[in-house]
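Q: Provided herewith is a single structure, encoded as structure tokens, for subsequent inquiry.
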Amino acid sequence: MLEQQPMSPQTFPRTSSPSDTGGPTDPLSAVSHPSPYPYYAGLAEGPGIFLDSKNSVWVASRSVVIQEIVSHPACRVRPVAEPVPKALAGSAAGDIFRRLVRMNDGAGHCPFKQAISASLQSLSLADMEQQGSIWSRHLAELHFDAEDDGWLDRFAVQMPVYVVASLLGVPQSELPETAILMQDFVACLAPGCNEQQLERGKLAAAKLLENFSGMQERENPGLLLQLRRQAALLGCEDPTVIAANGIGLMSQAYEATAGLIANTLYVLAGDAPLRRQILADADLLRACIDEVLRYDPSVQNTRRFVAEDCEIAGQVLQAGDTILLVLAAANRDPSVNSQPQLFELQRSQRRYFTFGHGAHLCPGPSLAAVIAHAAIHQLCSMDLNFERLATARKFHPSANIRMRLYGA
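See below:
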């Protein structure tokens, strides 16, 4: 317990009402707002951490404060009293969740994360690019509809599943089912999902565990087998832990990479000269994707849960408090990226927090970028109505993932 008395909670002062500006009313509504970034810029100019009484969370948006929080031992990835969301407890979805390395702190976290990182490092760039090329062509041919741009939404969410599942060793014949199961599983993890989504997600989780356990028994060649071998070197041979984290790689890539594809497509839809340039220059497309990760990231925020009283940015927080880390605002912090409001392909020393920071830095950022690269290259080579795509104003309903939708 800290000896000093808590400061009065700081509430971010708004200089104009939401009705006056038409902007977001809070950090959670900002995620799916057409223009959240002026609001985020305002957050960065306010207190280092403040209390959002509407959502009952502390909000941090400056890069230095976010780095302090993710490195602080009192700030955990899950509440101490609720390591698994109550709605998932006792189900296969809960079994997966509690074994995910990214949802755990402490001694068991780092060694198994090393196994995941080592497994991903065993993938060659050529293998990742090959799978990206194969499945971007296949899914574009499968879903293309000249009259309904909603096919792009299906393309974007299935690309990461097909590529990651293939790399893990899922047989080609099982990929369509795996994509459906992953959609249902991810939906049940989202806060606020309805009862039907919850039950479908639990059933999907059970089937995914069954499938991934079978892959281990058959020793399907691929990333899952590599993860099993790396885990064995660390003394972990629990097949359920290995299956759960294989599924976790897919779920982590699912919406985040889909959002990256959709958001990059939107940037390019309104810029015909740039579209032509990136088809001829792979490095330019990589730079474009990298800047989208900073400028309009798919992962807009994440959370930390306070395990014991602590002080963050001069503010005393109490055990049981929740902190919302607005990563998208930190990406535009002028202290880490000069002129952050500008989209610059050749930005020097670009920094972003989209894949996290510190001990829970996402182990697969390069894979996400390769998948997005293949998807965008395929789409930009097609005869799409880019002028129509540039008018897209709908977003996937989410409190943390920003993914532009193109369907009516």
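Counting in the numbering used here, the final residue of the sequence shown is number 433, and the numbers go up one at a time with none missing. Glycine included, each C-beta is placed from N, C-alpha and C at the ideal position.
Go ahead and label R243 buried or exposed: buried means 16 or more other beta carbons lie within 10 angstroms of its beta carbon, across all protein chains shown.
A: For the purposes of this step, residue 243 is identified with residue 218 of the sequence shown, where counting begins at 1. Exposed, since its Cβ has fewer than 16 Cβ neighbours within 10 Å.
Q: Write down every uninterrupted run of the beta strand (DSSP E) in the segment 85–141 whose length is 3 residues or greater and which is fully enclosed by it, in chain order.
A: none
Q: What are the boundary residues of the beta strand (DSSP E) that F75 is part of?
A: To locate residue 75, count along the sequence shown from 1; it is residue 50. It spans 74–77 - the beta strand (DSSP E) in which F75 sits, taken as one unbroken run.
Q: DSSP three-state call for T282: helix, strand or coil?
A: Counting from one through the sequence shown, the residue named residue 282 turns up at place 257. The answer is helix: DSSP assigns T282 an H, G or I state.
Q: With L310 and I401 assumed to form a contact (beta carbons below 8 Å), what rounded beta-carbon distance in angstroms separates them?
A: Indexing the sequence shown from 1 puts residue 310 at position 285. Indexing the sequence shown from 1 puts residue 401 at position 376. 6 Å between Cβ atoms; contact.
Q: Nearest-angstrom Cα distance between A415 and A294?
A: As a working mapping, residue 415 is identified with position 390 in the sequence shown. As a working mapping, residue 294 is identified with position 269 in the sequence shown. C-alpha separation (whole angstroms): 5 Å.
Q: Under 6 Å Cβ to Cβ from K79, same chain only, skipping five residues before and after it: list those, please.
A: As a first step, residue 79 is located in the sequence shown; it is residue number 54 there, counting from the start. Cβ within range, chain order: D51.
Q: If you measure between the beta carbons of A338 and I74, is that distance less than 9 Å?
A: As a working mapping, residue 338 is identified with position 313 in the sequence shown. As a working mapping, residue 74 is identified with position 49 in the sequence shown. Cβ atoms of A338 and I74: closer than 9 Å.
Q: Within this structure, are the beta carbons of L206 and N245 separated by less than 9 Å?
A: Start at 1 with the first residue of the sequence shown, and residue 206 comes out as number 181. Start at 1 with the first residue of the sequence shown, and residue 245 comes out as number 220. Contact flag unset, no.
Q: Using only the alpha-carbon positions, how far apart do E333 and C100 sit?
A: Position 308 of the sequence shown, counting from 1, holds the residue named residue 333. Position 75 of the sequence shown, counting from 1, holds the residue named residue 100. In a straight line, the C-alpha of E333 is about 8 Å away from that of C100.
Q: Could you tell me which of G194, Q197, S191, V186 sits nearest to D209, measuring between CA atoms?
A: Your numbering for residue 209 matches position 184 in the sequence shown. Comparing Cα positions, the closest option is V186.
Q: Here's the rule: buried if 16 or more other CB atoms are within 10 angstroms of the residue's CB, otherwise exposed. What is Q183?
A: Along the sequence shown, read from residue 1 onward, the residue named residue 183 stands at position 158. Under this definition Q183 is a buried residue.
Q: Starting from R329, follow its DSSP beta bridges and name the residues at the other end.
A: As a working note, residue 329 is residue 304 in the sequence shown. Its beta-bridge partners are I348.
Q: May I have the straight-line CA-CA distance separating G157 from Q343, to the nearest angstrom?
A: Position 132 of the sequence shown, counting from 1, holds the residue named residue 157. Position 318 of the sequence shown, counting from 1, holds the residue named residue 343. G157 and Q343: Cα-Cα distance of roughly 46 Å.
Q: So the candidates are D174, V56, L68; which of them puts its Cα closest to the Cα of H421?
A: Within the sequence shown, numbered from 1, the residue matching residue 421 stands at position 396. Considering only alpha carbons, the answer is V56.
Q: Could you check if S161 is buried or exposed, using at least 16 other CB atoms within 10 Å of its CB as the buried criterion?
A: Locating residue 161 in the sequence shown gives position 136, where the first residue counts as 1. Burial call: buried.
Q: Whole angstroms are fine: how far does the CA of P49 sit from the CA of L449?
A: Residue 449 is absent from the structure shown; the chain starts at 26 and stops at 433.
Q: Strictly under 9 Å for the Cβ-Cβ distance: is S360 near chain D by that measure?
A: In the structure shown, chain D does not exist; there is a single protein chain.
Q: From G67, I94, P72, pick the residue whose C-alpha is nearest to that of C335; which is it?
A: As a position in the sequence shown, residue 335 is number 310, starting the count at 1. Minimum Cα distance to C335 is reached at I94.
Q: Check the DSSP bridge columns for L430 and list the partner residues they point to.
A: Along the sequence shown, one-based indexing puts residue 430 at 405. L430 is bridged to K419.
Q: Give the secondary structure of E336 by DSSP, where H, G and I count as helix, E and B as strand, and everything else as coil.
A: Indexing the sequence shown from 1 puts residue 336 at position 311. Looking at E336 - three-state DSSP - the assignment turns out to be strand.
Q: Can you grab the Cα-Cα spacing for the pair S373 / E224, in whole Å?
A: The sequence position of residue 373 within the sequence shown is 348, counting from 1. The sequence position of residue 224 within the sequence shown is 199, counting from 1. Whole-angstrom Cα-Cα distance: 47 Å.
Q: Please state whether DSSP places V56 in a helix, a strand or coil.
A: Translated into positions along the sequence shown, residue 56 becomes position 31. In the structure shown, V56 sits in coil (DSSP, three-state: anything other than H, G, I, E or B).
Q: Any idea if V90 is buried or exposed, counting beta-carbon neighbours within 10 angstroms, 16 or more meaning buried?
A: Here residue 90 is taken as the residue at index 65 of the sequence shown, counted from 1. Under this definition V90 is a buried residue.
Q: Taking the continuous alpha helix (DSSP H) assigned at Y65, which residues delimit it?
A: Here residue 65 refers to the residue found at position 40 when the sequence shown is read from its first residue. 62–70 is the span of the alpha helix (DSSP H), which, as asked, contains Y65.
Q: I need the DSSP call for L248, collapsed to helix, strand or coil.
A: For this step, residue 248 is matched to residue 223 along the sequence shown. In this structure, L248 counts as helix in the three-state DSSP scheme.
Q: Short of 7 Å in beta carbon distance, which residues of its chain neighbour C405, apart from the five on each side in sequence? Order them along the chain.
A: Taking the first residue of the sequence shown as 1, we reach residue 405 at position 380. Cβ within range, chain order: L293, R300, I303, L304.
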